[in-house]
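Here the structure is laid out as structure tokens; the discussion comes afterwards.
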Amino acid sequence: MVGEEGAAARTLAEVPDGDRITARLLAGPDGSEPAPGADPASTAGSAPADPGSDLGPRDSDLAPGGAAAAEHASGADRLIEWHVDPIDGTVNYVRGIEQHCFSVGGRDPETGRWVIGLVAAPALRTVWFARAGGGAWKTVGLPGPAEASASTADPDAPANPATASGPATPATANPLLVPGELEYTRLSGTPRGRRGRVLATGFSYSPERRTLQLAALGRIMEEFDDIRRAGSAAVDLCYAAEGRVNAYCEYGINVYDWAAGAIIAEEAGLTVLRPAGESKLCIAADTPERFAFLREHFYA
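Quick note: this note's numbering has the sequence shown finishing at residue 308, numbered continuously throughout.
Right under this line is the structure:
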């Protein structure tokens, strides 16, 4: 878990194109920002026409008045506190295990409200993302790292010569920069009728903390049939948002580990507890009852 905490929030004026970028991240499908406390359920069943269309500039940005929405949405004094983990699941990464990711979450420092989260896992060909009040989403059809790397070749360069391993490969544009060709799935936690109760968790490198975690595991497994350990808190939280696991519970992780994944799980409809103050426990559960059980029995 390599991370950089965003404790020192920066004004948008200090970030190149910060006003436009932040407004785009926070904007809804129609370009409007949800009101604080907006009900995520109010957007259920309505997908953005192109959730990835805000990844790059559009013609309207360059036309007169194109920045008006950004100025209106962001304001001159708006701050977003970013918490970034460039590689969550570092051990997985160095050992060639696919469950590793880049994670970034944004928080309004004035209200304390988490407003945006994105988890990108290149080896899994997946990006999960969420905006407060806008639901949680997952990409489908991203290229793998090798394909993305190969596709960044100069489009004017000649095709690669044929090799013993296969025919010539034409140079193509980077598909990561063509979000309109991607598909998106809205996340809503555990599907109805899914059998079994699976818990995602993790274990500390600290012997003292690991002793506490293992003792708690014996108690909370009364509610579950099995456990899974992805090796990345952010990926575990996204798996909970997808419904691959019923809940995630881990003690002692840092803010950059859960900053993005927690809002993704929350926007998928899960009940979420973020570590705060003396509490170092992070929970995301698919039912309020399961959430209450984990919260009560972890420290029992």
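Glycine is no exception: its CB is placed at the ideal position from the N, C-alpha and C atoms.
Cβ distance (whole Å) where residue i is taken to contact residue j below 8 Å
i           : j           : result
residue 128 : residue 108 : At roughly 10 Å, the Cβ-Cβ gap does not stay under 8 Å, so residue 128 and residue 108 are not in contact.
residue 125 : residue 113 : 4 Å
residue 147 : residue 192 : 6 Å
For residue i, the nearest candidate out of the options (CA to CA)
i           : options               : result
residue 103 : 112, 239, 148 and 294 : 239
residue 302 : 278, 264, 255 and 274 : 255
residue 196 : 283, 298 and 277      : 277
residue 244 : 121, 136 and 119      : 136
residue 110 : 268, 201 and 141      : 268
residue 284 : 295, 266 and 294      : 266
Euclidean distance between Cα positions of residue i and residue j
i           : j           : result
residue 208 : residue 237 : 6 Å
residue 306 : residue 224 : 5 Å
residue 287 : residue 260 : 9 Å
residue 151 : residue 105 : 17 Å
residue 220 : residue 99  : 22 Å
residue 262 : residue 198 : 26 Å
residue 282 : residue 190 : 31 Å
residue 119 : residue 299 : 25 Å
residue 226 : residue 121 : 34 Å
residue 202 : residue 90  : 35 Å
residue 222 : residue 228 : 10 Å
residue 296 : residue 142 : 21 Å
Beta-carbon proximity list for residue i, same chain, < 7 Å, skipping 5 on both sides
i           : result
residue 258 : 209, 210, 241 and 290
residue 218 : 211 and 212
residue 149 : 190 and 191
residue 231 : 205, 298 and 301
residue 101 : 95 and 108
residue 304 : none
Same chain only: Cβ atoms within 6 Å of residue i, ignoring 5 sequence neighbours per side
i           : result
residue 280 : 270, 273, 274 and 292
residue 253 : 206, 208, 236 and 247
residue 144 : 138, 195, 249, 272, 275 and 276
residue 251 : 197, 198 and 199
Same chain, Cβ closer than 8 Å to residue i, five either side skipped, listed in chain order
i           : result
residue 312 : Because the chain here runs from 9 to 308, residue 312 falls outside it and cannot be looked at.
residue 123 : 34, 88, 114, 115, 116, 139, 140 and 271
residue 215 : none
residue 46  : Confidence in residue 46 is poor, its pLDDT being 42 and thus under 50, which makes the residue's placement unreliable; the coordinate value appears in the next sentence. Cβ neighbours of residue 46 beyond the five flanking positions: 140 and 141.
Contact with chain B by residue i, beta-carbon distance below 8 Å
i           : result
residue 100 : As a matter of chain content, chain B is missing from the structure shown, which is built from one protein chain.
Task: Uninterrupted beta strand (DSSP E) stretches inside the stretch 191 to 252 (no shorter than 3 residues) - done: 191 to 194, 206 to 208 and 234 to 236
Task: Runs of beta strand (DSSP E) lying entirely within the stretch 103 to 128, each at least 3 residues, in chain order - done: 109 to 115
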